[in-house]
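Student: As you go down the protein sequences, you meet chains A and B in turn.
Count along the first sequence from 1, add 3, and you get the number used in the numbering used here.
Count along the second sequence from 1, add 3, and you get the number used in the numbering used here.
Idealized CB from N, CA, C, for every residue including glycine.
All of these numbers come straight from a predicted model, not from anything done at the bench.
There are 2 protein chains.
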Amino acid sequence: MAKRKAFRIRDIARESGASLTTVSLVLNQRDERISESTRQRVLAAAQRLGYQPSRLAQGLQSQKTGILAVLVPELQHVFADVYFGELLSAIHDHASAVNYKVLLEVAHPDFVSQAKHIELFDRDYVDGVLCIGVTNKDDYLVDFEDRSRPAIIVNNHLPARKLNFVRCDYEEAGRLAAQYLLGLGHRRFGLIHGAPEVQTSLDWRAGVLMALAAAGIGPTPDHLADGLYTEEGGFDAAIELLRRDPAITAILTGNDKMAIGALRGIKKSGRGVPLDVSVVGCDGIHLSAFTDPALTTVHTPLYDIGREACRLLLDLVDNRIDRAEVVRPVSLTVRESAAPAT
Amino acid sequence: MAKRKAFRIRDIARESGASLTTVSLVLNQRDERISESTRQRVLAAAQRLGYQPSRLAQGLQSQKTGILAVLVPELQHVFADVYFGELLSAIHDHASAVNYKVLLEVAHPDFVSQAKHIELFDRDYVDGVLCIGVTNKDDYLVDFEDRSRPAIIVNNHLPARKLNFVRCDYEEAGRLAAQYLLGLGHRRFGLIHGAPEVQTSLDWRAGVLMALAAAGIGPTPDHLADGLYTEEGGFDAAIELLRRDPAITAILTGNDKMAIGALRGIKKSGRGVPLDVSVVGCDGIHLSAFTDPALTTVHTPLYDIGREACRLLLDLVDNRIDRAEVVRPVSLTVRESAAPAT
DNA sequence: CTGAAAGCGCTAACAC
DNA sequence: GTGTTAGCGCTTTCAG
Numbered sequence: 004m005a006k007r008k009a010f011r012i013r014d015i016a017r018e019s020g021a022s023l024t025t026v027s028l029v030l031n032q033r034d035e036r037i038s039e040s041t042r043q044r045v046l047a048a049a050q051r052l053g054y055q056p057s058r059l060a061q062g063l064q065s066q067k068t069g070i071l072a073v074l075v076p077e078l079q080h081v082f083a084d085v086y087f088g089e090l091l092s093a094i095h096d097h098a099s100a101v102n103y104k105v106l107l108e109v110a111h112p113d114f115v116s117q118a119k120h121i122e123l124f125d126r127d128y129v130d131g132v133l134c135i136g137v138t139n140k141d142d143y144l145v146d147f148e149d150r151s152r153p154a155i156i157v158n159n160h161l162p163a164r165k166l167n168f169v170r171c172d173y174e175e176a177g178r179l180a181a182q183y184l185l186g187l188g189h190r191r192f193g194l195i196h197g198a199p200e201v202q203t204s205l206d207w208r209a210g211v212l213m214a215l216a217a218a219g220i221g222p223t224p225d226h227l228a229d230g231l232y233t234e235e236g237g238f239d240a241a242i243e244l245l246r247r248d249p250a251i252t253a254i255l256t257g258n259d260k261m262a263i264g265a266l267r268g269i270k271k272s273g274r275g276v277p278l279d280v281s282v283v284g285c286d287g288i289h290l291s292a293f294t295d296p297a298l299t300t301v302h303t304p305l306y307d308i309g310r311e312a313c314r315l316l317l318d319l320v321d322n323r324i325d326r327a328e329v330v331r332p333v334s335l336t337v338r339e340s341a342a343p344a345t
Numbered sequence: 004m005a006k007r008k009a010f011r012i013r014d015i016a017r018e019s020g021a022s023l024t025t026v027s028l029v030l031n032q033r034d035e036r037i038s039e040s041t042r043q044r045v046l047a048a049a050q051r052l053g054y055q056p057s058r059l060a061q062g063l064q065s066q067k068t069g070i071l072a073v074l075v076p077e078l079q080h081v082f083a084d085v086y087f088g089e090l091l092s093a094i095h096d097h098a099s100a101v102n103y104k105v106l107l108e109v110a111h112p113d114f115v116s117q118a119k120h121i122e123l124f125d126r127d128y129v130d131g132v133l134c135i136g137v138t139n140k141d142d143y144l145v146d147f148e149d150r151s152r153p154a155i156i157v158n159n160h161l162p163a164r165k166l167n168f169v170r171c172d173y174e175e176a177g178r179l180a181a182q183y184l185l186g187l188g189h190r191r192f193g194l195i196h197g198a199p200e201v202q203t204s205l206d207w208r209a210g211v212l213m214a215l216a217a218a219g220i221g222p223t224p225d226h227l228a229d230g231l232y233t234e235e236g237g238f239d240a241a242i243e244l245l246r247r248d249p250a251i252t253a254i255l256t257g258n259d260k261m262a263i264g265a266l267r268g269i270k271k272s273g274r275g276v277p278l279d280v281s282v283v284g285c286d287g288i289h290l291s292a293f294t295d296p297a298l299t300t301v302h303t304p305l306y307d308i309g310r311e312a313c314r315l316l317l318d319l320v321d322n323r324i325d326r327a328e329v330v331r332p333v334s335l336t337v338r339e340s341a342a343p344a345t
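1. Alpha carbon to alpha carbon, how far is residue 161 (chain A) from residue 102 (chain B)?
2. Ignoring anything shorter than 4 residues or poking outside the stretch 297-326 of chain B, list the alpha helix (DSSP H) runs there in chain order.
3. Let me make sure I understand the geometry here. Which of B:147, B:224, B:189 and B:235 has the alpha-carbon closest to that of residue 251 (chain B)?
4. Taking only beta-carbon positions, decide if residue 82 (chain A) is within less than 7 angstroms of chain B.
5. Using three-state DSSP, classify residue 53 (chain A) as helix, strand or coil.
6. Taking only beta-carbon atoms, is residue 6 (chain B) less than 7 angstroms away from chain A?
7. Whole angstroms is fine: what's the gap from residue 1 (chain B)'s alpha carbon to residue 336 (chain B)'s?
8. Quick one: residues in its chain with C-beta nearer than 7 angstroms to the C-beta of residue 91 (chain A), no 5 flanking neighbours on either side, listed in chain order?
9. Short of 6 angstroms in beta carbon distance, which residues of its chain neighbour residue 269 (chain B), apart from the five on each side in sequence? Order them along the chain.
10. I want to verify the contact list: residues of chain A whose CB lies under 8 angstroms from the CB of residue 85 (chain B), in sequence order.
11. Quick one: which residues of the stretch 122-138 of chain B get their C-beta closer than 8 angstroms to a C-beta of chain A? List them in chain order.
12. Taking a cut of 9 angstroms between CB atoms, which residues from the stretch 49-61 of chain B lie near chain A?
13. What residues from the stretch 279-296 of chain B come within 8 angstroms of chain A, judged by C-beta to C-beta, listed N to C?
14. Work out the CA separation of residue 191 (chain A) and residue 219 (chain A) for me, nearest whole Å.
15. Could you work out which residue in A:197, A:32, A:148 and A:214 is closest to residue 179 (chain A) when comparing CA atoms only?
16. Could you name the residues of the same chain whose beta carbon sits closer than 7 angstroms to that of residue 146 (chain A), not counting the 5 residues immediately before and after it, in chain order?
17. Taking DSSP as the reference, what is the three-state secondary structure of residue 105 (chain A)?
18. If you follow the beta strand (DSSP E) that residue 228 (chain B) is part of, which residue opens it and which one closes it?
19. How would you list, in chain order, the residues of chain B whose beta-carbon sits under 7 angstroms from the beta-carbon of residue 206 (chain A)?
20. With a cut-off of 8 angstroms on the beta carbons, I'd call residue 115 (chain B) and residue 68 (chain B) a contact; round off their distance for me.
21. If you measure from the beta carbon of residue 239 (chain A) to each beta carbon in chain B, is any gap under 7 angstroms?
22. Label residue 110 (chain B) either buried or exposed according to how many other C-beta atoms from any shown protein chain fall within 10 Å of its C-beta, with 16 as the threshold for buried.
23. Look up residue 185 (chain B) in the DSSP assignment and say whether it is helix, strand or coil.
24. Below 7 angstroms on C-beta distance, what does residue 95 (chain B) contact in chain A?
25. Is there a Cβ from chain B that is less than 7 angstroms from the Cβ of residue 271 (chain A)?
26. From the beta carbon of residue 264 (chain A), is the nearest beta carbon of chain B less than 7 angstroms away?
27. Would a check of beta-carbon distances place residue 65 (chain B) closer than 7 angstroms to chain A?
28. Going by C-alpha to C-alpha distance, which of B:61, B:260 and B:274 sits closest to residue 244 (chain B)?
29. Quick one: is residue 230 (chain A) near chain B, going by C-beta distance under 7 angstroms?
30. Only counting the same chain, and skipping five residues up and downstream in sequence, which positions put a Cβ closer than 6 angstroms to that of residue 167 (chain B)?
31. At what residues does the alpha helix (DSSP H) containing residue 16 (chain B) begin and finish?
32. So residue 24 (chain A) is in the beta strand (DSSP E); what residue range does that whole segment cover?
33. Any heavy atom of the ligand HEM closer than 6 angstroms to the Cβ of residue 70 (chain B)?
34. For residue 59 (chain A) versus residue 63 (chain B), is the C-beta distance shorter than 7 angstroms?
35. Please classify residue 76 (chain A): does DSSP put it in a helix, a strand, or coil?
36. Which residue or residues does DSSP assign as beta-bridge partners of residue 70 (chain B)?
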């Protein structure tokens with residue numbers, strides 16, 4: 004059983020009786036000068052042998068790899084999280100549509116010390132990096148600022164850093180959720196926010212508080228709880244908030260996973276949703292349509308964000324642009340989990 | 004703002020006053036012959052400039068890329084599925100522990116026609132491929148059989164093909180589940196299996212049927228339903244099975260997602276779990292411990308499978324072995340969803 | 001103990 | 001119209 008080895012350009016040259024240059028020119032469409040007959044001979048040989056040029060050699064020559072990296076944080080089951088999964092799907096779909104491959108990289112804690120992130124560029128692994136799930140504590144991002152290759156932050160931003168980003172408007176998301184509940188007559192709110200080292204988490208919280216303040220409502224610290232962006236966290240936070248202030252009639256959460264947990268937490272606390280307590284989530288993940296009651300939430304266009312980030316990163320790679328700072332709008336999806344205050 | 008470019012070996016040579024060869028020898032530990040003083044000078048220079056060798060150039064030389072591909076099927080939200088996520092985490096963890104990177108590839112339908120899978124090898128993208136979620140219909144896998152670079156099937160196998168694999172024993176999984184329920188006194192069973200083009204799905208089904216046959220029980224086709232490996236499918240299948248034969252007292256499912264759907268479907272059909280109907284799932288995903296009632300299931304060591312597959316693929320890459328066919332045992336996890344027949 | 005030079009597979013400037 | 005050659009960054013044989 005002979006192991007088949009890939010054919011190289013010289014095999015095509017031999018097979019078609021042309022020189023290396025000629026083959027290269029033909030295959031790269033730089034063949035104005037080549038006679039039609041040689042062109043056909045070369046093409047036929049390449050076709051017959053199923054020739055595909057080595058990316059390693061092409062890359063060494065062009066200083067381009069045709070690969071993009073996606074940098075994800077080290078979390079339990081990152082790769083099984085719908086949030087990251089949705090972004091990853093979007094990124095991969097766009098990348099492969101334009102013939103790029105996607106390389107995975109997990110941001111380990113010892114990442115910085117070992118310069119593993121820089122390795123992606125310095126060792127010629129990839130042409131650009133998409134950073135997802137970043138936090139304000141991820142100091143290593145500085146190292147991406149002045150590199151010869153671009154990086155972009157996906158669905159977040161770091162106020163202190165001059166880094167490219169594509170994200171949606173989480174402040175607006177918070178505002179929309181709060182205004183909707185205010186419109187339904189609610190006056191006493193509980194907020195379940197995500198990890199405070201995540202900038203969009205702060206944005207969302209600020210949006211909610213601004214809208215409430217505009218209506219003359221200023222929740223006390225008692226009305227805030229960290230739901231850790233998880234179902235369990237949302238569950239615990241809902242129970243705790245209702246314990247601290249049993250008069251709460253509406254709960255806002257910074258993502259849908261926490262909202263799903265909160266739904267259960269509220270029931271566990273002996274209240275009905277939305278009869279006693281209304282809930283508004285954030286993100287509009289697939290599952291949010293199938294909860295009981297179906298979740299009213301602010302839809303953040305994650306798939307679009309992912310695709311746009313990938314598109315812009317490639318624009319940066321090819322120097323079509325030299326800066327990317329995009330904020331996309333969000334919208335309210337009204338379902339069943341929020342009702343007029345009684 | 005000057006864009007920093009990566010340093011090259013010649014920068015280190017210049018900086019340390021040594022030749023390219025010397026630098027290379029020192030950095031590759033082939034430095035028995037190099038004097039301690041030059042060694043130190045080179046190391047210091049490399050350290051100071053943060054030098055890391057280009058993988059492109061090294062790869063061209065060594066014909067190794069230091070990258071492995073993970074080939075996943077094109078499914079809705081593949082990257083957000085716990086099954087794939089768990090395998091992907093395991094693979095990535097092991098790969099990065101031994102300094103390999105992971106490249107993603109989705110098996111599009113037009114994959115074969117465009118020879119995109121072969122491209123991974125022929126264009127020098129990767130040193131090996133891990134195939135997850137394969138089915139008996141994936142004809143393109145033939146092309147991996149006689150390549151100069153190895154592929155391995157993760158947690159599945161194709162009887163018709165001579166391909167490397169690491170999987171767990173799904174026949175045993177089916178048998179364990181059935182025997183447990185038989186031991187609890189059940190005599191009327193419903194089976195919810197996954198997609199029949201997936202070999203392990205057939206294995207599981209065969210295991211269940213064998214155990215039942217040994218007890219003198221031969222379910223009719225009426226007692227089988229395809230749950231499509233999804234929650235929704237499991238939900239629908241459970242309802243349908245109970246409609247066809249209301250006397251069923253136990254339902255076995257080919258994975259936990261379908262079991263979770265079945266739990267809801269059974270309740271929807273007006274029965275209690277495990278009082279009226281017992282349920283035994285398969286896989287032992289994280290979530291299975293948190294359902295209500297907690298799921299009794301057959302634990303398949305997915306993380307171990309993923310890591311083992313990655314380890315063996317690298318053994319194949321480095322010619323330490325030339326064949327891999329591994330079957331790992333499974334075990335029953337008893338929780339609350341199955342009870343004695345009444 | 002150290003360096004010059006060939007070669008991995010490809011592209012492109014330059015000859016012919 | 002087509003071919004020769006240098007060079008991308010690195011490893012490794014072979015001289016010195």
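Tutor: Let me lay it out:
1. Position 158 of the first sequence, counted from the first residue, corresponds to residue 161 (chain A). Position 99 of the second sequence, counted from the first residue, corresponds to residue 102 (chain B). Each residue's alpha carbon lies about 30 angstroms from the other.
2. 305-320
3. Indexing the second sequence from 1 puts residue 251 (chain B) at position 248. Of the listed residues, the one whose Cα sits closest to residue 251 (chain B) is B:189.
4. Here residue 82 (chain A) corresponds to residue number 79 of the first sequence, with the count starting at 1. Yes, residue 82 (chain A) lies at the interface with chain B (some Cβ there is under 7 angstroms from its Cβ).
5. Along the first sequence, read from residue 1 onward, the residue named residue 53 (chain A) stands at position 50. Residue 53 (chain A) falls in the coil class under three-state DSSP.
6. For this step, residue 6 (chain B) is matched to residue 3 along the second sequence. Answer yes: the Cβ-Cβ gap between residue 6 (chain B) and chain A drops below 7 angstroms somewhere.
7. Since the first residue shown for chain B is 4 and the last is 345, residue 1 (chain B) is missing from the structure and cannot be characterised.
8. Position 88 of the first sequence, counting from 1, holds the residue named residue 91 (chain A). Result list for residue 91 (chain A): 73, in chain order.
9. Taking the second sequence and counting its residues from 1, one reaches residue 269 (chain B) at position 266. For residue 269 (chain B), where only same-chain residues beyond five positions count, the Cβ hits under 6 angstroms are 241, 276 and 280.
10. Looking up residue 85 (chain B) in the second sequence gives position 82. By Cβ distance, chain A contributes 80 and 83.
11. For the stretch 122-138 of chain B, the set of residues with a beta-carbon nearer than 8 angstroms to any beta-carbon of chain A comprises 122, 124, 125, 126, 127 and 128, in chain order.
12. Hits within the stretch, in order: 53, 54, 55, 56, 57, 58, 59, 60 and 61.
13. 289
14. Along the first sequence, one-based indexing puts residue 219 (chain A) at 216. Along the first sequence, one-based indexing puts residue 191 (chain A) at 188. Those two C-alpha atoms are separated by around 11 angstroms.
15. As a first step, residue 179 (chain A) must be located in the first sequence, where it is residue number 176. Nearest option by C-alpha distance: A:214.
16. The sequence position of residue 146 (chain A) within the first sequence is 143, counting from 1. Around residue 146 (chain A): 120 and 121.
17. On the first sequence, position 102 is the one that residue 105 (chain A) refers to. Of the three classes helix, strand and coil, the one that applies to residue 105 (chain A) here is strand, per DSSP.
18. Within the second sequence, residue 228 (chain B) is the residue found at index 225, counting from 1. First-last of the beta strand (DSSP E) with residue 228 (chain B): 227-229.
19. Within the first sequence, the letter at position 203 stands for residue 206 (chain A). Near residue 206 (chain A) there are no residues of chain B at all, since even the closest Cβ is about 24 angstroms away, more than 7 angstroms.
20. Counting from one through the second sequence, the residue named residue 115 (chain B) turns up at place 112. Counting from one through the second sequence, the residue named residue 68 (chain B) turns up at place 65. Their Cβ separation, rounded to whole angstroms, is 23 angstroms, which puts residue 115 (chain B) and residue 68 (chain B) out of contact at 8 angstroms.
21. In the first sequence, residue 239 (chain A) corresponds to position 236, counting from 1. Chain B, which has no Cβ nearer than 7 angstroms to the Cβ of residue 239 (chain A), makes this no.
22. The count along the second sequence starts at 1 and reaches residue 110 (chain B) at position 107. When all chains shown are included, residue 110 (chain B) counts as buried.
23. For the purposes of this step, residue 185 (chain B) is taken as residue 182 along the second sequence, with counting starting at 1. It is helical.
24. Here residue 95 (chain B) corresponds to residue number 92 of the second sequence, with the count starting at 1. Chain A residues near residue 95 (chain B): 107 and 109.
25. Locating residue 271 (chain A) in the first sequence gives position 268, counting from the first residue. So, not an interface residue.
26. Sequence index remark: in the first sequence, residue 264 (chain A) carries index 261 (1-based). Judged by the 7 angstroms Cβ criterion, residue 264 (chain A) is not in contact with chain B.
27. Translated into positions along the second sequence, residue 65 (chain B) becomes position 62. With 7 angstroms as the cut-off, residue 65 (chain B) does not count as an interface residue toward chain A.
28. Counting from one through the second sequence, the residue named residue 244 (chain B) turns up at place 241. Measuring from the Cα of residue 244 (chain B), the nearest candidate turns out to be B:274.
29. Locating residue 230 (chain A) in the first sequence gives position 227, where the first residue counts as 1. For residue 230 (chain A), the answer is no, since every Cβ of chain B falls outside 7 angstroms of its Cβ.
30. Counting from one through the second sequence, the residue named residue 167 (chain B) turns up at place 164. So the list reads 155 and 327, once near-sequence residues are dropped.
31. Sequence index remark: in the second sequence, residue 16 (chain B) carries index 13 (1-based). That run of the alpha helix (DSSP H) goes 12-19.
32. In the first sequence, residue 24 (chain A) corresponds to position 21, counting from 1. Careful: residue 24 (chain A) lies outside any beta strand (DSSP E), inside the alpha helix (DSSP H) at 23-30.
33. Within the structure as shown, the ligand HEM is missing, as the structure has no ligands at all.
34. Taking the first sequence and counting its residues from 1, one reaches residue 59 (chain A) at position 56. Taking the second sequence and counting its residues from 1, one reaches residue 63 (chain B) at position 60. In this structure, residue 63 (chain B) lies closer than 7 angstroms to residue 59 (chain A) by Cβ.
35. Taking the first sequence and counting its residues from 1, the one referred to as residue 76 (chain A) is at position 73. Residue 76 (chain A) falls in the strand class under three-state DSSP.
36. Taking the first residue of the second sequence as 1, we reach residue 70 (chain B) at position 67. Looking at the DSSP output, residue 70 (chain B) sits in a beta bridge with B:104.
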